[in-house]
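First comes the structure, then the notes that go with it.
And the structure:
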């Protein structure tokens, strides 16, 4: 499947898809969500459509699942400003973790955006071609609940829904519970369901609380029309469980990755320009703090150890020069 940058504007995207009818419907639904986000970003002034004259381009192919990692990529796709520097961005959607891994293994992408712990696990399992460029999503996991919930004590004995067992939201939430003196599976009814089902439950009042990353949290609060709020920020408790963690330091969640074998000499300068534009998109437009690997190296090992994820060797970090 391929979606070209020009397909992400106000018109319906052109989808190049192989698969059965059921997968096609699922794909169109997710791509529709992507398109809505892109159009929304334009409408609120975060991105501005941009065109430039035709010239020979260096093509960079980007993939990301539908999560907070994707927003800066959409900003660059819609702005189109890298085209003026001879770089053509092509967006290749990933439908989920398995689809993302397939793209990484096949080598049909150059750049990817996904979680730091997820990348560490992939690297450990043998996908050695990925390289961490930097982190742009920090402290993005929250517990959403009704107005009467403001602490773990308020949720004791109640249902707490999480979308994926063993993922960063789950691990960080349970670590936060332990730091607060609770036994996660004894003091709370932690339940795992697909994110779409959890959203229906929490919005209909059939769930006491749910754990989600941004931007899902903001969307839930908007849809609830004042009935839901951010009740707990679990990363605060989790951070206290990390050795050598300084007060005020945030948790690296979403990362920018390169697929090393594809970044040949003719693409290295394009990747460098992409990183600069990506950093600007985060800091100037989204007020997100993009940090390169040199600043991250002291943080990553203790963070991954606290999560229970494998600690990678130096080979996982992308080298600009």
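Numbering (our numbering), first residue to last: 14 to 334.
Idealized CB from N, CA, C, for every residue including glycine.
CB of residue i within 7 Å of CB of residue j, strictly
i, j, result
"residue 147", "residue 176", "no"
"residue 189", "residue 255", "no"
"residue 221", "residue 171", "yes"
"residue 155", "residue 237", "no"
"residue 322", "residue 130", "yes"
"residue 251", "residue 324", "no"
"residue 152", "residue 263", "yes"
"residue 303", "residue 137", "no"
"residue 132", "residue 305", "no"
"residue 89", "residue 290", "yes"
"residue 98", "residue 285", "no"
"residue 181", "residue 128", "yes"
"residue 331", "residue 271", "yes"
Residues of its chain near residue i, where Cβ-Cβ distance is below 8 Å and the 5 sequence neighbours each way are ignored
i, result
"residue 205", "174, 175, 176, 177, 178, 183"
"residue 248", "152, 154, 185, 189, 263, 264"
"residue 140", "114, 117, 118"
As assigned by DSSP and simplified to three states, the class of residue i
i, result
"residue 159", "strand"
"residue 304", "strand"
"residue 200", "helix"
"residue 314", "helix"
"residue 273", "helix"
"residue 105", "coil"
"residue 321", "coil"
"residue 250", "helix"
"residue 188", "helix"
"residue 120", "coil"
"residue 136", "helix"
"residue 211", "helix"
"residue 335", "Lying outside 14 to 334, the shown extent of the chain, residue 335 is not represented and no answer is given."
"residue 75", "strand"
"residue 97", "helix"
"residue 172", "strand"
"residue 85", "helix"
"residue 178", "coil"
"residue 255", "coil"
Beta-carbon proximity list for residue i, same chain, < 7 Å, skipping 5 on both sides
i, result
"residue 293", "none"
"residue 63", "Residue placement at residue 63 is flagged as unreliable, the pLDDT there being 42, under the threshold of 50; the coordinate-derived value follows with that caveat. For residue 63, where only same-chain residues beyond five positions count, the Cβ hits under 7 Å are 92, 93, 94."
"residue 244", "156, 157, 158, 162, 163, 222"
Closer than 6 Å: residue i CB and nearest the ligand ZN heavy atom
i, result
"residue 272", "Summarising the ligand content, the structure contains no ligands, and the ligand ZN is consequently not present."
Local Cβ density within 10 Å of residue i, reported as buried at 16 or more and exposed below that
i, result
"residue 274", "exposed"
"residue 72", "exposed"
"residue 212", "buried"
"residue 295", "buried"
"residue 320", "buried"
"residue 235", "exposed"
"residue 333", "exposed"
Cβ-based neighbour list, residue i, same chain, cut-off 6 Å, excluding 5 preceding and 5 following
i, result
"residue 347", "With the chain represented from 14 up to 334, any question about residue 347 goes unanswered, as that position is not in the structure."
"residue 74", "103, 105, 122, 123"
"residue 214", "220"
Residue-level contact to chain D via CB, residue i, 7 Å cutoff
i, result
"residue 108", "Protein chain content of the structure displayed is limited to a single chain, and chain D is not contained in it."
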